[in-house]
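Everything on this sheet refers to the single structure shown next.
Numbering (our numbering), first residue to last: 9 to 269.
Given below as structure tokens:
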């Protein structure tokens, strides 16, 4: 139920969707002669669209998420590596039963690099179906195909195919690991996702060290303006989704801290 409600809520909570609905509400208010309220709604929508799409505000917000955790050096002999799903295009994979790299494909690439550097370490890939309908193939199947295509075998990778969100990543992986949860595990995920992932895996009792990748914030440069409106709204959506996720997970007891370090 939590997964379904979160997906439905996010359909309306995306920044671009919210601003569109606000502008639409302003036009409707104007039609019914609520002129002052209509001007405020439309003006706020235009101002926030410009602030989000034409400035580096989304980069600054994403940067704050990416640098919240106190990253530790990778130990010489980690017991295992856990990589979270999200790096492969699940929709394309489901349609074609094959692997397709997504924006966060750095996750799997870094995990495989760490496996090469630490061949004795266990490698766990956690990621199932994240679609609301629950149809298609789990992301683990696409990941397995990619690893086999690169190496000829799965490199001993263990797959957790049932999780649909970060909390389930942690919960189902903890069940897989059993008593090995207390050993040292490297947790590979996108840098902006590290706070929520750390909170969930620690709550599930897994001893993890975050290894971030897929950094999204661009370097800040005066006058802090940009012409990439689509890209900036994508970053703002990432930040908004993570912020909502952090608050919701903290309120529902899935994390012990709002911003784990």
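We put the CB at the ideal spot given by N, CA and C, even for glycine. Computed from a predicted structure; not experimentally measured.
Per DSSP, the bridge partner or partners of residue i
i	result
residue 111	Partner(s): none; residue 111 has no beta bridge.
residue 6	With the chain represented from 9 up to 269, any question about residue 6 goes unanswered, as that position is not in the structure.
residue 166	132
residue 233	63
Sub-8 Å separation of residue i and residue j beta-carbons
i	j	result
residue 136	residue 116	no
residue 203	residue 112	no
residue 70	residue 224	yes
residue 213	residue 182	yes
residue 120	residue 194	no
residue 23	residue 171	no
residue 66	residue 200	no
Local Cβ density within 10 Å of residue i, reported as buried at 16 or more and exposed below that
i	result
residue 91	buried
residue 269	exposed
residue 255	exposed
residue 168	buried
residue 263	buried
residue 39	exposed
residue 177	buried
residue 159	exposed
Endpoints, the beta strand (DSSP E) within which residue i is located
i	result
residue 88	88 to 92
residue 270	Any property of residue 270 remains undetermined from this structure, which presents the chain solely from 9 to 269.
is_contact[residue i, chain C] using C-beta, thresh 8 Å
i	result
residue 93	Although the question refers to chain C, the structure presented lacks it and comprises just one protein chain.
Element boundaries [alpha helix (DSSP H), containing residue i]
i	result
residue 96	It is not in any alpha helix (DSSP H) - residue 96 carries neither H nor E in the DSSP assignment.
residue 255	237 to 259
residue 80	Taken as a continuous stretch (DSSP letters only), residue 80 belongs to no alpha helix (DSSP H), as it is neither H nor E.
residue 149	147 to 159
residue 175	174 to 185
residue 25	23 to 39
Helix, strand or coil at residue i according to DSSP, with G and I counted as helix
i	result
residue 63	strand
residue 52	helix
residue 266	coil
residue 207	helix
residue 70	helix
residue 126	coil
residue 226	coil
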